[in-house]
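Enquirer: Numbering follows my numbering, with no gaps: position 216 of the sequence shown is 451. The structure that follows is given in the form of structure tokens.
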Amino acid sequence: MLVAGNWKSNKSFNEAKEFANALTSMPPLPDGVEMMIAPPAPYLAALGSTPWAFRLGAQNVSATGPGAHTGEFTADMLQGCGVHDVIVGHSERREGYGDGDEVVAEKVNRVLEAGLRVVFCCGESLQDRQSDVHFDKVLRQMESAILHLPAEVMDRVVVAYEPIWAIGTGLTATAAQAQEMHAAIRGWLREAHDEDIAGAVPILYGGSCKPSNADELFACQDVDGGLIGGASLDSVMFREIVDAAGRAHAAQVEATSAA
Ligand code: PGA
Numbered sequence: 236m237l238v239a240g241n242w243k244s245n246k247s248f249n250e251a252k253e254f255a256n257a258l259t260s261m262p263p264l265p266d267g268v269e270m271m272i273a274p275p276a277p278y279l280a281a282l283g284s285t286p287w288a289f290r291l292g293a294q295n296v297s298a299t300g301p302g303a304h305t306g307e308f309t310a311d312m313l314q315g316c317g318v319h320d321v322i323v324g325h326s327e328r329r330e331g332y333g334d335g336d337e338v339v340a341e342k343v344n345r346v347l348e349a350g351l352r353v354v355f356c357c358g359e360s361l362q363d364r365q366s367d368v369h370f371d372k373v374l375r376q377m378e379s380a381i382l383h384l385p386a387e388v389m390d391r392v393v394v395a396y397e398p399i400w401a402i403g404t405g406l407t408a409t410a411a412q413a414q415e416m417h418a419a420i421r422g423w424l425r426e427a428h429d430e431d432i433a434g435a436v437p438i439l440y441g442g443s444c445k446p447s448n449a450d451e452l453f454a455c456q457d458v459d460g461g462l463i464g465g466a467s468l469d470s471v472m473f474r475e476i477v478d479a480a481g482r483a484h485a486a487q488v489e490a491t492s493a494a
């Protein structure tokens with residue numbers, strides 16, 4: 236299970252350091268759970284110089300390599316700053332900052348070429364869901380960014396299903412809605428690659444995931460953790476979600492050993 240926090244454009248630098256210290260001084264992570272924090276980009280180099288209890292994530296990366304690209308930062312630069320994971324294709328970037336499918340696919344390539352892990356976001360709008368095209372929409376996003384990837388890099392791919400209508404709205408997909416989309420994504424991975432890869436790629440749920448609904452979401456067979464926005468800004472709440480992932484993992488282990 237992976238619980239990843241996306242802070243978006245929130246927290247001062249001092250607040251970020253306090254949060255990192257608070258999270259690191261909490262009890263060790265539950266078995267089978269990884270924790271990631273993606274702070275604002277200006278904090279990455281400073282945070283990346285200390286080994287924390289969590290993986291360090293970036294919220295964005297350039298689609299280009301080095302050169303005359305004012306304001307951009309490359310995947311290699313992130314790697315050099317101690318970043319482990321990079322979020323690519325978040326709907327806020329797709330909708331507000333021109334990250335169309337081609338740009339997203341290029342960013343995925345750059346992250347993987349730099350040896351980092353990508354957290355690839357996909358998800359449908361409310362209108363897509365109401366028009367019953369949500370599966371097509373999500374699987375088309377998968378196709379444009381993930382289909383061309385060779386099997387050797389797939390162990391550094393994480394998929395985050397984030398229904399746009401649930402992000403920051405307080406609305407959450409029901410466990411059944413999350414599970415059916417995650418199962419569709421897993422099925423797509425099986426077709427595009429194979430059973431082993433489909434089973435190994437973590438598929439996170441994102442969209443108003445919080446301590447009160449994390450247990451139910453994480454108990455779904457194909458939900459392997461969460462990408463958390465608002466609830467990742469509070470270290471205690473975030474840790475509660477991490478603990479929920481620990482309970483889900485323990486339940487899976489028990490079910491597997493009983494089978
Ligand atoms: P939210 O954001 O948890 O605030 O809905 C999720 C995300 O955008 O990753």
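Virtual Cβ for every residue (Gly too), placed ideally from N, Cα, C. In this text, all values refer to a predicted model and were calculated from it rather than measured experimentally.
Can you tell which of 398, 475, 391 and 412 has the C-alpha that lies nearest to the C-alpha of residue 435?
Expert: 391
Enquirer: Enumerated in chain order, which unbroken segments of the beta strand (DSSP E) with a length of 3 residues or greater are wholly contained in the region 353-409?
Expert: 392-396
Enquirer: Taking the continuous alpha helix (DSSP H) assigned at residue 338, which residues delimit it?
Expert: For residue 338, the enclosing alpha helix (DSSP H) covers residues 336-348.
Enquirer: Let me know the secondary structure DSSP gives residue 278 once reduced to three states.
Expert: Looking at residue 278 - three-state DSSP - the assignment turns out to be helix.
Enquirer: Count the other CB atoms, across all protein chains shown, that sit within 10 Å of the CB of residue 365; report buried if there are 16 or more and exposed otherwise.
Expert: With fewer than 16 neighbouring CB atoms inside 10 Å of its own CB, residue 365 falls in the exposed class.
Enquirer: Tell me whether the region 445-462 and the region 408-421 touch, counting them as touching only if at least three CB pairs, one residue from each stretch, are closer than 8 Å.
Expert: yes
Enquirer: Confirm the yes/no value for this check: CB of residue 241, any heavy atom of the ligand PGA, distance under 7 Å.
Expert: Yes - the ligand PGA has a heavy atom lying nearer than 7 Å to the Cβ of residue 241.
Enquirer: Examine the ligand PGA and report whether any of its heavy atoms sits within less than 7 Å of the Cβ of residue 397.
Expert: yes
Enquirer: For a test of the three-state rule: what should DSSP assign to residue 321, helix, strand or coil?
Expert: strand
Enquirer: If you drop the 5 nearest sequence neighbours on each side, which residues of the same chain put their C-beta closer than 6 Å to that of residue 325?
Expert: 356
Enquirer: What's the gap between the Cα of residue 250 and the Cα of residue 319?
Expert: 21 Å
Enquirer: Please name the residue or residues paired with residue 268 in a DSSP beta bridge.
Expert: The partner list for residue 268 (beta bridge, DSSP) is empty, contrary to what the question assumes.
Enquirer: Tell whether a beta-carbon distance below 8 Å holds between residue 380 and residue 343.
Expert: yes
Enquirer: Here's a check: name, in chain order, each residue in its chain whose Cβ is nearer than 8 Å to the Cβ of residue 314, leaving out the five neighbours to either side.
Expert: 349, 350 and 351
Enquirer: Have a look at residue 467 and residue 478 and give me their C-alpha separation to the nearest angstrom.
Expert: 13 Å
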